[in-house]
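To start, the structure itself, in structure tokens.
In full-length UniProt numbering, the protein residues as written are 1 to 248.
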């Protein structure tokens with residue numbers, strides 16, 4: 001919970017808390033921004049592509065930063081020379097190591113080498129802390145229950161609302177290629193995310209996708225065409241036979 005972070009964070013003279021949300025246009029980033037709006041005196045710096053700045057600004061990001069063309073650390077220090085109180089990174093190190101089409105050991109090693117390295121003595125001398133969060137390893141059922149109840153209350157009050165970008169069935173996430181109507185599909189959900197097209201969360205649907213009518217083969221199409229031509233010719237011959245019968 002964000003409120004638990006604030007007592008530990010340093011307080012600037014004006015009393016405003018400064019938070020940097022990396023990838024603020026994703027599902028987690030949007031949720032964090034919405035939660036920040038439930039706490040008074042919070043200024044949010046958010047990183048996202050330039051085309052998505054309007055969206056995150058409407059969602060509560062005070063200072064949107066294009067991380068693809070600018071160094072967000074430099075941009076933040078232009079506004080706040082002392083930096084920020086809290087930096088939240090929804091991606092995490094593992095996700096950064098294997099991203100997009102560069103998913104290989106060389107890219108992973110390069111990303112790992114460029115990671116920031118700190119030691120505990122330096123953290124202590126600067127009064128800073130680094131922490132991680134993994135929902136799957138929280139075993140305190142009472143804490144989990146209280147948090148969910150609080151989130152539901154905020155949702156009912158209209159203060160938070162999950163942003164869903166798109167929904168995909170499991171077969172649309174498969175890494176195998178398949179073709180349909182002369183169009184190739186390759187893991188559409190992953191492609192949309194890696195191409196940075198999503199705004200919000202991409203939802204995976206476990207139920208199978210409704211089957212669509214597949215195009216018939218060339219042999220079936222030719223056979224159907226012959227049957228149609230035969231039926232038309234039979235209809236044309238029927239009136240002629242009736243006229244000859246009347247004459248007789």
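Cβ coordinates follow ideal geometry from the N, Cα and C atoms, glycine included.
CA-to-CA, the gap between residue 46 and residue 144 works out to about 27 Å. In the three-state DSSP reduction, residue 167 falls in the strand class (E or B). At the C-beta level, residue 49 and residue 67 come within 9 Å of one another. Boundaries cannot be given for residue 26, as no beta strand (DSSP E) includes it and DSSP labels it neither H nor E. Taking the Cα positions, residue 63 is about 8 Å away from residue 57.
Judged by beta-carbon spacing, residue 165 lies beyond the 9 Å limit of residue 210, meaning their Cβ atoms are not closer than that value. Taking 9 Å as the cut-off, the beta carbon of residue 44 is found no closer than this to the beta carbon of residue 26. Taking C-beta atoms under 8 Å as the contact rule, residue 159 and residue 38 qualify, at a distance of about 5 Å. In the structure shown, residue 77 adopts helical secondary structure according to DSSP, grouped into three states.
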